[in-house]
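Each step along the sequence shown adds one to the number in the numbering used here, with nothing skipped, and position 117 is 532. Working notes, beginning with the structure itself.
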Amino acid sequence: MTTSPRHIATTLIAAVLLSGLVPGCSKPDHIGIRPDAARMVISVSDATKPENLGRVITIRGIVGSVCQDEGCWVTITDGSAEIKMRFTDGSLGVPMDLRGEVLAEGVVRENIVGSARVPEMSATGVLFLDRQ
Numbered sequence: 416m417t418t419s420p421r422h423i424a425t426t427l428i429a430a431v432l433l434s435g436l437v438p439g440c441s442k443p444d445h446i447g448i449r450p451d452a453a454r455m456v457i458s459v460s461d462a463t464k465p466e467n468l469g470r471v472i473t474i475r476g477i478v479g480s481v482c483q484d485e486g487c488w489v490t491i492t493d494g495s496a497e498i499k500m501r502f503t504d505g506s507l508g509v510p511m512d513l514r515g516e517v518l519a520e521g522v523v524r525e526n527i528v529g530s531a532r533v534p535e536m537s538a539t540g541v542l543f544l545d546r547q
């Protein structure tokens, strides 16, 4: 069976058009509900203060570590404090290779781990500022 030039051209055009539909070809700039960068943004250190517990806040920080099982949590730091962030609904996760600076929006709560009180953010969204 020989292939005509017209068949080859049609196949190539279809492949080019369909390549734009393949998910993952471009990296999104956020996960979940996109945090509003115009909103007041506070540091991770300020987020862990008692007056911010239970409030919806937006933090800015650097990604520390990421859950390597499913991307179900990420630590965010500002150099002097660190907070563990999980998504509110539990069905979202961050890319396991996530690095760089992020904005995260959500509610900070304290978890009791042994005898320690550990701050944790229940996030509705994360914006990648300089995804690496």
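Heads up, the beta-carbon is just placed ideally off N, CA and C, and yes, glycines get one too. Predicted, not measured: the structure shown is a model, and the values here were computed from it.
Quiz item: Nearest CA to the CA of Gly479: which residue from Phe543, Gly515, Val533 and Glu520?
Solution: The shortest Cα separation from Gly479 among Phe543, Gly515, Val533 and Glu520 belongs to Gly515.
Quiz prompt | Exposure label - Arg475; buried when at least 16 CB within 10 Å | solution = Arg475 comes out buried.
Practice problem: Compare the C-beta of Gly494 with all C-beta atoms of chain C and state if any pair is closer than 8 Å. | Solution: Of the chains in the structure shown, none is chain C; there is only one protein chain.
Self-check item: CB contact flag (Ala519, Pro450, <8 Å)
Solution: Yes; because the gap between Cβ atoms is below 8 Å, this pair is in contact.
Self-check item: Cβ neighbour criterion (16 or more within 10 Å) applied to Gly540
Solution: Its Cβ being crowded by 16 or more others within 10 Å, Gly540 is buried.
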